[in-house]
Structures are given as C-alpha cells and as structure tokens.
Amino acid sequence: MLNSDAPADVGKTQAVSQALNANDDDLPGDLFQQVRELLDAAGQGDSPCLLPRAEPFDGDPARGLRLLGVVQEESRRLRARLQGLVQASRLDRPQAFRHGPRLLPKRLYRAAVGDPRLFARKRERVAVDTAIHLLIDLSGSMNSPVRRRDGLVERRGQIAQSAALALALALDGIHGVSVAVSAFPGLSGVEDRISVLVRHGQRPRACAGAFLQGTRGSTPMAGALWFAAADLLGRPETRRIVLLLTDGKPNRMDETREILRLCSAAGLETVGLGIGVDVSGLFPVALRVDEVTALRTALFGAAERLLLAA
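Quick note on UniProt numbering: the sequence shown kicks off at 1 and runs consecutively.
Right under this line is the structure:
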C-alpha cells in the first residue's frame, strides 16, 4: 500500500480506484486523458504515478520486413498450435452426471461401487473472448549483450521485441483474441511517455518496423501498468490480461504493487515474466527465465496457458 497516512496518497488511491472501476459513462471521450486528469487532480499535479502519454512509433518498414522474415515461420507454428489447443479445449465432450438424456454403458459398472454418475450430458463451453496488452521493458539494462549459439551477439531488448512480435502475430490469427503491444519508457527515456507498437485492431504484421527500438532510461513500470490497464478497461472482452516482460525492479516498488492490487480488484489479470529476475513478489502470476535465449519459448508457453485457462 502507499503511505495511507498522507491525505494526498489517500486521494490518489481513491482516484485510482475510480478510474479502474469506471465505465464508459464515467469516462466519456478519451479514456487515457480522463484517467490522467483524475490522477493529476488527486496528486495535485506532482503525483509520481501519472498515466504516460502514448508515443506512436512506425520505425523502419524495410527493416521490419526483414524482422518478419525471421519470426513469421515460428509465429505460424505457434498460431497453428494455439488454434488447435483452443479448439480442442472447447469440444463438447460428454461428461458423466447423475441425471441426463443418455445412459453411458461404459460406466454401468460404476453403479456397483455406489457411483451414480451414469448419464451423459454435454458441458457448456465458453468461447475465447480475451484482450491482451503486452508490455516490454526497454530500460537501459535491456541493452545487455547475449551471444547466440551461432556465435552472433544480440541485445536483450531486441530478443524481447522479436519474441513479442512473434507472439502478437500468432495471437492475431486466433478468433476471439485481441492484442496490443507497448514498450516503456518513452522513446527518449522519459518516464511519462510510453511507446505504442501495436494498438488493438491493428495488424502486427503492418507494425513490424516498430519492434526495432533501442533501449533507454529506467524502469517506470507503474506508469506502464497504468497505461495497459486504462487500455484494457476500454475493451469489450470479458477477460483482460496484462503480460509484462522485464529484467529489473520498478522505479517505484510501492506504487507498482498498489496498481497491481487495484488491477486485480478491477478484474484485470496481471502476469509478469522476469528475465533473470524474480518478479513473484510483485505479480500474482509470475514466471522467470534465466537464459534470455529461452525467452520466446517461455513467452509462448505463458500465452498458451493463459488462453487454455479462459
């Protein structure tokens, strides 16, 4: 919790709760601007926890096409796997119940041991209806070099962006799933900005050039989480998930914890994937990958589990 003894902090927390639980009538017009005004008012203009302003970034389209060539084959395989798993998980297989329209002959022997579940009834399955906002930490520490098996050297930040693009491409092809991708801090390393790579409804393929950003600045995780929360609160999907990749601790630990708590209270799921760092003290669902070269596999696995849990 933030310092509850301070009136300004109490006001800020109340405004945060109001923003997170607001509906379209409460926040008319631009959702991000309305949430910003609430936070600015509660913090009397100098609250360290302000909603960052979006910075669109098209990047280099030509280099983006080359990046697509690197990741799209793996992305296609992931999409096919995810589609198959999602479809299989929603098949209406008959389940055994005490009452039902059809007897299950193979279960008749269960009556001898006192099990009355002898009848078949289809279990209702809920279709996938999920919005995901993927956040990428591009702070200065993500510039660390990583030597690949082929001897070439990549930077953590580029590996993370390539993995994020591959996942966004895969999710884009699954019915009932909407994905957005953002990176923090802003392009020049400013804490109150966030770089938008893909918005909901955009095709990640057309935005590939945005996944070639350099690293910069520190780790304003609280603001990034706010941005993703505000984005997801404007979505119609029944399930809304923030998935954050990071290799470090947030600038403001207490405020990050508070925002995560409020996100949970508002029905938003938050998942943290730590790159060489344990984020279980922050996120209710936390994963860790110690070898950054295994990041893509870990990220794909997290997405798979999230979709199958829908």
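The C-beta atom is built at its ideal place from N, Cα and C for all residues, glycine as well.
When DSSP states are grouped into helix, strand and coil, T270 belongs to the strand group. The three-state reading of DSSP puts F184 in strand, counting E and B together.
For the options R77, D247, L50 and T130, the alpha carbon positioned closest to that of E237 is the one of T130. Between A163 and P204, the beta carbon gap of about 13 Å keeps them out of contact (Cβ cut-off 8 Å).
Under the three-state reduction of DSSP, P220 is assigned to coil, being neither helix nor strand. Looking at V86, A62, E74 and R156, the one whose alpha-carbon comes closest to that of L245 is R156. The region 191-262 contains, as complete beta strand (DSSP E) runs of 3+ residues, the segments 193-198 and 239-246 (chain order). Counting the other CB atoms within 10 Å of its CB gives S188 a total below 16, which places it among the exposed residues. Between L268 and A229, the CB-CB gap stays under 7 Å.
Per DSSP, L308 has no beta-bridge partner at all. Comparing C-alpha distances from F283 to each of L295, M221, L307 and T293 shows the shortest one belongs to M221. With contacts defined by Cβ atoms closer than 7 Å, G276 and D254 do not form a contacting pair.
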